[in-house]
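Numbering (the working numbering), first residue to last: 3 to 273.
Before any comments, here is the structure.
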């Protein structure tokens with residue numbers, strides 16, 4: 003079992019031990035989010051990710067070379083149980099979009115973490131969380147890692163991810179719009195018709211976003227912190243790691259904090 007002697011003035015593990023967290027995606031960012039939350043007392047996990055751990059992941063993913071070729075969820079489960087042998091971890095290698103049990107798993111949870119790298123998956127996870135009225139924190143890293151955003155949906159307190167995306171369109175906050183494409187992106191998007199392809203950022207770019215997602219999650223999970231998202235709290239954090247290549251926006255290590263209310267015509271206000 004983990005010993006919390008040196009951080010018990012900040013957290014109460016007893017308040018966290020029965021809270022189930024569903025996490026979709028344990029890639030480069032998701033693994034880092036999971037690492038931090040596990041070390042801070044979260045011990046009941048449901049992990050979903052269909053991907054395997056490959057050589058191209060070694061420059062940004064925190065797991066071991068000896069674990070190559072294995073499902074990412076299995077590698078993450080081993081890490082959790084090595085760090086905290088008393089943890090309870092369930093893993094699923096199905097694509098969440100076709101996993102029939104996913105809505106049921108969400109209903110069992112206290113919080114949903116979406117660390118997926120495809121927008122259609124983020125919207126699906128958001129829809130299931132809204133239907134189940136479960137908090138959902140979604141994170142995404144912008145192309146080439148120049149920044150990213152974290153969004154927290156809390157029933158009755160904030161709008162859902164769809165509300166945030168519509169607000170972004172209205173405000174013109176498309177952070178990737180003016181960023182020059184790399185040669186790799188040109189080849190993938192135009193040569194191979196991979197419309198969703200994005201050039202990756204550095205490991206530190208990815209983990210900067212992951213840490214904000216983990217911080218927001220812990221604040222929601224841990225009542226002692228008294229920092230749950232509420233009317234006076236931001237729900238949408240846009241992070242700039244460095245100036246965006248080929249664009250005028252962006253800065254070094256800067257964050258913009260915004261609160262998004264639920265839209266009256268959105269499913270989150272009707273559920």
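All C-beta atoms in this analysis are idealised placements derived from N, C-alpha and C, irrespective of residue type, glycine included.
None of these values were measured; they are calculated from a predicted model.
For residue i, three-class secondary structure by DSSP
{"i": "residue 147", "result": "helix"}
{"i": "residue 213", "result": "helix"}
{"i": "residue 32", "result": "helix"}
{"i": "residue 104", "result": "helix"}
{"i": "residue 165", "result": "helix"}
{"i": "residue 153", "result": "strand"}
{"i": "residue 13", "result": "coil"}
{"i": "residue 109", "result": "helix"}
{"i": "residue 246", "result": "coil"}
{"i": "residue 160", "result": "coil"}
{"i": "residue 204", "result": "coil"}
{"i": "residue 18", "result": "coil"}
{"i": "residue 115", "result": "strand"}
{"i": "residue 138", "result": "strand"}
Buried versus exposed call for residue i [16 or more other C-beta atoms within 10 Å across all chains shown]
{"i": "residue 11", "result": "exposed"}
{"i": "residue 65", "result": "buried"}
{"i": "residue 262", "result": "buried"}
{"i": "residue 85", "result": "exposed"}
{"i": "residue 161", "result": "buried"}
{"i": "residue 102", "result": "exposed"}
{"i": "residue 16", "result": "exposed"}
{"i": "residue 142", "result": "buried"}
{"i": "residue 7", "result": "exposed"}
{"i": "residue 25", "result": "buried"}
{"i": "residue 147", "result": "buried"}
{"i": "residue 158", "result": "exposed"}
{"i": "residue 176", "result": "exposed"}
{"i": "residue 59", "result": "buried"}
Where the beta strand (DSSP E) through residue i begins and ends
{"i": "residue 238", "result": "238–242"}
{"i": "residue 125", "result": "Counting along the chain, residue 125 falls outside any beta strand (DSSP E), though it belongs to the alpha helix (DSSP H) covering 121–134."}
{"i": "residue 92", "result": "90–94"}
{"i": "residue 98", "result": "Premise fails: residue 98 is in no beta strand (DSSP E) and is neither H nor E."}
{"i": "residue 58", "result": "Note, residue 58: premise wrong, no beta strand (DSSP E); not H, not E."}
{"i": "residue 48", "result": "46–50"}
{"i": "residue 25", "result": "22–26"}
Beta carbon of residue i nearer than 9 Å to that of residue j
{"i": "residue 79", "j": "residue 30", "result": "no"}
{"i": "residue 219", "j": "residue 23", "result": "yes"}
{"i": "residue 223", "j": "residue 21", "result": "yes"}
{"i": "residue 114", "j": "residue 123", "result": "no"}
{"i": "residue 241", "j": "residue 149", "result": "yes"}
{"i": "residue 110", "j": "residue 50", "result": "no"}
{"i": "residue 257", "j": "residue 239", "result": "yes"}
{"i": "residue 127", "j": "residue 98", "result": "yes"}
{"i": "residue 137", "j": "residue 112", "result": "yes"}
{"i": "residue 69", "j": "residue 93", "result": "no"}
{"i": "residue 265", "j": "residue 133", "result": "no"}
Continuous alpha helix (DSSP H) stretch holding residue i: start and end
{"i": "residue 270", "result": "269–272"}
{"i": "residue 79", "result": "74–85"}
{"i": "residue 261", "result": "No alpha helix (DSSP H) contains residue 261, which DSSP labels as neither H nor E."}
Straight-line gap, residue i to residue j (C-alpha atoms, nearest Å)
{"i": "residue 168", "j": "residue 88", "result": "42 Å"}
{"i": "residue 203", "j": "residue 271", "result": "35 Å"}
{"i": "residue 129", "j": "residue 253", "result": "33 Å"}
{"i": "residue 243", "j": "residue 214", "result": "12 Å"}
{"i": "residue 245", "j": "residue 3", "result": "43 Å"}
{"i": "residue 67", "j": "residue 145", "result": "26 Å"}
{"i": "residue 13", "j": "residue 42", "result": "8 Å"}
{"i": "residue 81", "j": "residue 33", "result": "10 Å"}
{"i": "residue 1", "j": "residue 27", "result": "Here the chain has residues from 3 to 273 only, and residue 1 is not among them."}
{"i": "residue 36", "j": "residue 19", "result": "15 Å"}
{"i": "residue 53", "j": "residue 116", "result": "15 Å"}
{"i": "residue 105", "j": "residue 260", "result": "29 Å"}
{"i": "residue 72", "j": "residue 40", "result": "21 Å"}
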